[in-house]
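J.: FYI, in our numbering the residues of the sequence shown are 40 to 477. Where a beta carbon is used, it is the ideal one built from N, C-alpha and C, also for glycine. The structure presented is a predicted model; accordingly, all values stated were derived computationally and were not measured. Have a look at the structure that comes next, please.
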Amino acid sequence: MNPVIALVGRPNVGKSTLFNRLTRSRDALVADFAGLTRDRKYGEGKVGGKPYIVIDTGGISGDEAGIDMAMAEQSLLAIEEADIVLFMVDGRAGLTAADQMIAQHLRTQGKDAWLIVNKTDGIDPEMAEIDFYEMGMERAPISIAAAHGRNVTNMIQHVLEPFPEEQDEEEHNQIKQKGIRIGIIGRPNVGKSTLVNRILGEDRVVVFDQPGTTRDAIAIPFERDGKEYTLIDTAGIRRRKNITEIAEKFSIIKTLEAVRECNVAVMVIDARTGIVEQDLHLLDFVLQSGRALVVAVNKWDGLDIDVKNKIKEDVDRRLGFVDYADMHFISALHGTGVGHLYKSINSAYDSAMSHWQTNRLTTILEDVVREHQPPISKGRRIKLRYAHQGGKNPPIIVVHGSQTEALPDSYKRYLTNTFRKVLKVKGTPIRFEFRSGE
Ligand code: GDP
Ligand code: GDP
């Protein structure tokens, strides 16, 4: 698990500016978390071989009356999740009452934060820092100018010093490569822990000693019917120092980690509350990540038949965008339907890890084109010539031709659907990449 850096500070000190600078270096897998939380923004970056996650918070504002709690809540959540807190202040504006309140709050939280004095372009950084000594932060301040990038890389390298470089792939894989890696995700209280316990407690399941843990995620290998699996258990890993109601809240970081580490995500939905907005965002995130997917509608026990029918209707209507995934109606509490998840997990995994020969893919492509020619663009017909596989989990099919950039979405959908049907791909998205050779 990569270190998590939270940016906190009152509004207007330059948090978003720094966030953008820190996340510019990488495609943000987490960009698609948008909508999962109201005010927090997640991004990824890397400096000197060390990857990290950054959380931008909405900002903590306050006056004589104290911190505006509604606004501060998001920041507090980010602080809870963070390994490193960068407390930003404005070197031009100087120390304010709100800064002091935030400093005091950080102290009561027991988080050791770095004081970052921003906007020190065109002024004497040391003079700017002096103003803030009064807050009595443990560490000396670091001055930067986020808008111009001054001292930003140095500062990040410095705060990341205690954290290891990216594990090399092979070492990492030894932990991860035990059979099918399953990540169980979902909103709080949908029944994830109950499901994990149910899975591991089953008679026919043999749970092995844990061979290793990555820094945070615990990988629990087990065997069922002679097949190997590893459950990526991220629940309760980030130990909370102050257990407050904050601990109950949804952890984006844990979800991110589970999705990243797994081959197949099992998304748990609560039948008692029905499908809510956050479920859709989460599913969309899994879709974007390319991981294979199985949906488990939980708490199916003791529901009236009308309620059941209504939920089934709802699922059909609203989960169409992940219709490649198998749906199960289960009771983690009683164990009903839990065993059936494996069939879907196995087939989703097999699909996600499929290997197809180039000539097979090309033959399918030729049939697709024969059936329906791609349209004409700029007076010439778009040509699709051959296809080969470009990756697994998710499977990527690379299609070569000419003018492929002009291929309409409707044609892409037709192509995807046909390949999916012919290759019998289930439980995983397929990605297409188009290359023009001329
Ligand atoms: P946030 O509310 O804390 O996220 O602050 P923003 O990142 O939106 O920045 C607030 C304002 O400060 C914007 O107008 C930025 O352009 C400006 N700003 C940010 N960083 C710097 C800096 O290093 N130097 C100067 N002079 N202005 C900055
Ligand atoms: P998590 O936050 O997603 O890990 O959810 P938990 O596993 O802690 O479950 C939340 C609550 O839902 C607990 O009170 C569970 O006993 C209850 N629960 C979990 N699964 C089921 C189920 O299948 N049926 C019913 N009726 N309750 C369940």
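Around the C-beta of residue 390, are 16 or more other C-beta atoms found within 10 angstroms, so that it is buried, or is it exposed?
T.: Classification for residue 390: buried.
J.: Nearest to residue 431 by CA position, among 445, 464 and 446, is which residue?
T.: Looking at the Cα atoms, 464 is the closest of the given residues.
J.: If we count the other Cβ atoms within 10 Å of its Cβ and call it buried at 16 or more, is residue 114 buried or exposed?
T.: It is buried - the Cβ of residue 114 has at least 16 other Cβ atoms within 10 Å.
J.: Output needed for residue 233: all residues of its chain with C-beta closer than 7 Å, excluding positions within five of it in sequence on either side, in chain order.
T.: Result list for residue 233: 371 and 372, in chain order.
J.: Just verifying my parser: in three-state terms, what is the DSSP assignment at residue 453?
T.: In this structure, residue 453 counts as helix in the three-state DSSP scheme.
J.: Measuring from the CB of residue 53, is there a heavy atom of ligand 1 at a distance below 7 Å?
T.: True, at least one ligand heavy atom lies under 7 Å from that Cβ.
J.: Which of the three DSSP states is assigned to residue 166 in this structure?
T.: It is helical.
J.: When we look at the beta-carbon of residue 91 and count the other beta-carbons within 10 Å, is it buried (16 or more) or exposed?
T.: By the 10 Å Cβ count, residue 91 comes out buried.
J.: In terms of residue numbering, what span does the beta strand (DSSP E) encompassing residue 220 cover?
T.: Residue 220 -> beta strand (DSSP E) spans 219-224.
J.: To the nearest angstrom, how far is the alpha carbon of residue 433 from that of residue 220?
T.: Taking the straight line from one Cα to the other gives about 14 Å.
J.: Going by beta-carbon coordinates alone, are residue 361 and residue 342 separated by less than 8 Å?
T.: No, Cβ-Cβ distance for residue 361 and residue 342 is not below 8 Å.
J.: When the Cα atoms are used, what is the spatial distance from residue 46 to residue 203?
T.: Rounded to the nearest angstrom, the two C-alpha atoms are 21 Å apart.
J.: Could you check what DSSP says for residue 394 in three-state terms: helix, strand or coil?
T.: Three-state result, residue 394: coil.
J.: Rounding to the nearest angstrom, what Cα-Cα distance links residue 183 and residue 125 in this structure?
T.: Going from the Cα of residue 183 to the Cα of residue 125 covers about 12 Å.
J.: On a Cα-Cα basis, can you pick out the residue from 263, 351, 297 and 323 that is closest to residue 313?
T.: Closest by alpha carbon: 351.
J.: Spatial neighbours of residue 443 within its chain, please: C-beta separation below 6 Å, excluding the five flanking residues on both sides.
T.: These residues qualify, in order along the chain: 473 and 475.
J.: Could you give the residue range of the alpha helix (DSSP H) that holds residue 191?
T.: Where residue 191 is concerned, the enclosing alpha helix (DSSP H) stretches over 191-198.
J.: Considering only their Cβ atoms, is the gap separating residue 377 from residue 237 smaller than 8 Å?
T.: A contact, by the Cβ cut-off of 8 Å.
J.: Would residue 193 be called buried (16 or more neighbouring beta carbons within 10 Å of its own) or exposed?
T.: Classification of residue 193: exposed, given that the 10 Å Cβ count is below 16.
J.: Provide the residue span of the beta strand (DSSP E) that contains residue 137, from first to last.
T.: That residue, residue 137, is in no beta strand (DSSP E); its alpha helix (DSSP H) goes 136-148.
J.: State the CB to CB distance for the pair residue 403 and residue 413, rounded to an integer number of angstroms; the pair is presumed to be in contact (CB under 8 Å).
T.: The Cβ separation is near 15 Å, so there is no contact.
J.: Since residue 407 contacts residue 454 with CB under 8 Å, what's their CB separation in whole angstroms?
T.: Rounded, the Cβ-Cβ distance is 6 Å, consistent with contact.
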